[in-house]
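Written out below as structure tokens is the structure these notes cover.
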Amino acid sequence: MSPRVTAIVLALLAIGLTVAQDVAPARDWYHSWQYIALLALAIVVMAGYAWSARSGADGAAGRKLALAMVGAIAVAVTGLLSGLIGPDTVTVVGTPGTVAPVPDLGVAAFFPAVDAASLARGDSIVTLRRRGADPLDVGTQPTPIGLSVAFTQLRPAAYVAARDTHGNHLTVTQPNNPSFLSPVMLFRQQQQIRDKTFPMDTFATPAMHRIARILYFSAADLAAFRHGLSGAGNQAGAVLSIADDAGNSRGLTIAASGMPVTVADLDLTITLGMYPVLVIASAPQPAVMAGGIVLFVLACVWSLLRGKTPAAAGTGRVDAQPVT
Amino acid sequence: MLAGAPAVSFDVPRVGGGSDSLAAHRGSIVLMNFWATWCPPCKEEMPALEQLYREYRGRGLVILGIDQGESAATAGAFAREHGVTFPILVDEDQNYASSYVSVGLPTSVIVGRDGHVVRGIDGAQTLDQFRAAVGPLLAAK
Numbered sequence: 005m006s007p008r009v010t011a012i013v014l015a016l017l018a019i020g021l022t023v024a025q026d027v028a029p030a031r032d033w034y035h036s037w038q039y040i041a042l043l044a045l046a047i048v049v050m051a052g053y054a055w056s057a058r059s060g061a062d063g064a065a066g067r068k069l070a071l072a073m074v075g076a077i078a079v080a081v082t083g084l085l086s087g088l089i090g091p092d093t094v095t096v097v098g099t100p101g102t103v104a105p106v107p108d109l110g111v112a113a114f115f116p117a118v119d120a121a122s123l124a125r126g127d128s129i130v131t132l133r134r135r136g137a138d139p140l141d142v143g144t145q146p147t148p149i150g151l152s153v154a155f156t157q158l159r160p161a162a163y164v165a166a167r168d169t170h171g172n173h174l175t176v177t178q179p180n181n182p183s184f185l186s187p188v189m190l191f192r193q194q195q196q197i198r199d200k201t202f203p204m205d206t207f208a209t210p211a212m213h214r215i216a217r218i219l220y221f222s223a224a225d226l227a228a229f230r231h232g233l234s235g236a237g238n239q240a241g242a243v244l245s246i247a248d249d250a251g252n253s254r255g256l257t258i259a260a261s262g263m264p265v266t267v268a269d270l271d272l273t274i275t276l277g278m279y280p281v282l283v284i285a286s287a288p289q290p291a292v293m294a295g296g297i298v299l300f301v302l303a304c305v306w307s308l309l310r311g312k313t314p315a316a317a318g319t320g321r322v323d324a325q326p327v328t
Numbered sequence: 188m189l190a191g192a193p194a195v196s197f198d199v200p201r202v203g204g205g206s207d208s209l210a211a212h213r214g215s216i217v218l219m220n221f222w223a224t225w226c227p228p229c230k231e232e233m234p235a236l237e238q239l240y241r242e243y244r245g246r247g248l249v250i251l252g253i254d255q256g257e258s259a260a261t262a263g264a265f266a267r268e269h270g271v272t273f274p275i276l277v278d279e280d281q282n283y284a285s286s287y288v289s290v291g292l293p294t295s296v297i298v299g300r301d302g303h304v305v306r307g308i309d310g311a312q313t314l315d316q317f318r319a320a321v322g323p324l325l326a327a328k
């Protein structure tokens, strides 16, 4: 492989590796020594080629490609710096209806309040607010913010509606979570059953002296059990284990999403859905990356166009007079 | 609780009929009290809140007792039994308490005339503590 081809291949590789940080952010690999080493190697080879090509060692086309290498090196350097010294990925879990400060970005993240229906739809978005700036809605697509990208990941959640046997609505609390008075379970814990791990959470109904452990079963997990739920279809479900204040078990049941179940003197309706967490990951400097890519592409095109002139054919020189 | 932050508001049913919200009282000093009928400290605190309401409503204090997660029938029966005359709101979705990151019941949140949170108070308060919290705000024009 000639030095020119090697440099171009490595330039494309470096650009691809850097752009990947924006397209598929928050991967640990971007902070690994292998990723850093690949970009560093590409930078060294590209710089070596550009240095020799600028003095004419690879002809006039090489001189143009040296400019393209400058663009690719800029992209690779910003990708390398992001991977090398960029902050680790941060995941912000917010209770519905609350505001969480995000010091890394200098913003406050507003997690929307939800009811059972909106949780089931799973279409909640997080809004970032900064003093003096317009609010910014963040969804599952990466959104550049300074030297970071922000996006949301949808995770399993459940809205718990509890009533006593007379139909009176009951307060739901979460004694083990910071969101003490939220009826929305975010499954911050996990429980292993045999070789599988299930999202888990805990809630209480103090008026009835009941404590419930709730496990989230995906549709596939639920289908693996012969649960005999009518109307469950291929939906996710929840396994509920109820105890009293003294820790005595008072019942165990499986609830399909949105279907009421009665257990341990409680009428429970568990609506399963998705709720976003906010993920913030380091990202390459967007202006440098965009400028570098534009420079690389234009210089490559320029070198190809000039290289097609008849004067250059067979001489290896492209700095001849233009065709008239 | 975010003192100084804009106070969020939700429209919820009011015991006795209709609906109400924090936002409907913008321009007044509002004391929101998150409570529930099963909560013993909430029950102990109610007489102090009622007395505070009787003393200060003429000076513009609004008290909203916001029941968390219970039915209007449950909250209404409790209010009648304990002679509560200030507005009782029923927040079945518990949006108020979760949004203000209430770590227990009762929790009180004082909101200024500008609609921003002045302070949050965890746990039951005495009448004197409530007076000390809202008195200076009512005096300031």
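Protein chains in written order, with our numbering: chain U, 5 to 328; chain Z, 188 to 328. Where a beta carbon is used, it is the ideal one built from N, C-alpha and C, also for glycine. Note that the structure is predicted; figures quoted are calculated from it, not measured.
About 6 Å separates the beta carbon of ALA223/Z from that of GLU257/Z, a gap short enough to meet the 8 Å contact definition. Look at the region 179-191 of chain U: the residues with a C-beta under 7 Å from a C-beta of chain Z are SER183, PHE184, LEU185, SER186 and PRO187. Between the region 267-274 of chain U and the region 160-179 of chain U, the count of C-beta pairs closer than 8 Å reaches three or more; the two stretches touch.
Rounded to the nearest angstrom, the Cβ distance from ASP207/Z to ASP119/U is 18 Å, too far for a contact under 8 Å. VAL199/Z has a beta carbon lying at 7 Å or more from every beta carbon in chain U.
Distances from the alpha-carbon of ILE250/Z to those of HIS212/Z, GLY203/Z, ASP278/Z and HIS269/Z put HIS212/Z closest. Per DSSP, the beta-bridge partners of LYS200/U are ILE197/U.
Among the residues of chain U, none has a CB under 7 Å from the CB of GLU268/Z; the nearest is roughly 15 Å distant.
Within a 10 Å sphere around the beta-carbon of GLY150/U sit fewer than 16 other beta-carbons, which makes this residue exposed. Closer than 7 Å to the CB of THR102/U there is at least one CB belonging to chain Z. In the three-state scheme derived from DSSP, where H, G and I count as helix and E and B as strand, TYR279/U is classed as strand.
C-alpha of GLN195/U to C-alpha of GLY126/U: approximately 23 Å in a straight line.
Around the beta carbon of HIS303/Z, a 10 Å sphere encloses fewer than 16 other beta carbons of the protein chains shown; the residue is thus reported as exposed. Along the region 244-268 of chain Z, going in chain order, the ones with a CB nearer than 8 Å to a CB of chain U are GLN255, GLY256, GLU257, SER258, ALA260 and THR261. Residue pairing of SER152/U in beta bridges, as defined by DSSP: ILE149/U and SER286/U.
TYR287/Z carries a coil assignment under DSSP once its states are collapsed to helix, strand and coil.
ILE77/U carries a helical assignment under DSSP once its states are collapsed to helix, strand and coil.
For ALA192/Z, the chain U residues whose C-beta falls within less than 9 Å of its own C-beta are VAL103 and ALA112, listed in chain order. Distances from the CA of GLY20/U to each of LEU42/U, SER59/U and LEU71/U were compared; the closest alpha carbon is that of LEU42/U. For PHE265/Z, the enclosing alpha helix (DSSP H) has its first and last residue at 259-268. The beta carbon of ASN238/U sits no closer than 7 Å to any beta carbon of chain Z. By the neighbour-count criterion, in which 16 or more other beta carbons inside 10 Å mark a residue as buried, ARG241/Z falls on the exposed side. Only GLU279, ASP280, GLN281, ASN282, TYR283, ALA284, SER285, SER286, TYR287, VAL288, SER289, VAL290, GLY291, LEU292 and THR294 from the region 279-302 of chain Z bring a Cβ to less than 9 Å from some Cβ of chain U.
When CB distances to chain U are screened at a threshold of 9 Å, the residues of the region 206-236 of chain Z falling below it are PHE221, ALA223, THR224, TRP225 and CYS226, in chain order.
When PHE197/Z, GLY205/Z and ALA264/Z are compared, the shortest CA-CA separation from LYS230/Z is found for ALA264/Z. Around the beta-carbon of MET293/U, 16 or more other beta-carbon atoms lie within 10 Å, marking it buried. Taking the CA atoms as reference points, GLY75/U sits about 49 Å from ALA190/Z. In this structure, the straight-line span from the alpha carbon of THR201/U to that of ALA162/U is close to 17 Å. When Cβ pairs closer than 8 Å are counted between the two stretches, the region 286-300 of chain Z is seen to touch the region 215-222 of chain Z, the count reaching three or more. CA-CA distance, GLY63/U to ILE40/U, rounds to 32 Å.
Across the structure, THR206/U and ILE258/U are spaced so that their CA atoms are roughly 15 Å apart. Nearest to PRO234/Z by alpha-carbon distance, out of VAL271/Z, LEU324/Z, GLY205/Z and SER295/Z, is VAL271/Z. Listed in chain order, the positions of the region 202-220 of chain U with a beta carbon within less than 7 Å of a beta carbon of chain Z are PRO210 and ALA211. For a Cβ distance threshold of 8 Å, residue set VAL103 of chain U lies close to LEU189/Z, ordered along the chain. For ARG8/U, no beta strand (DSSP E) segment is defined; the enclosing uninterrupted segment is the alpha helix (DSSP H) at 7-27. In the structure shown, the three-state DSSP call for VAL202/Z is coil.
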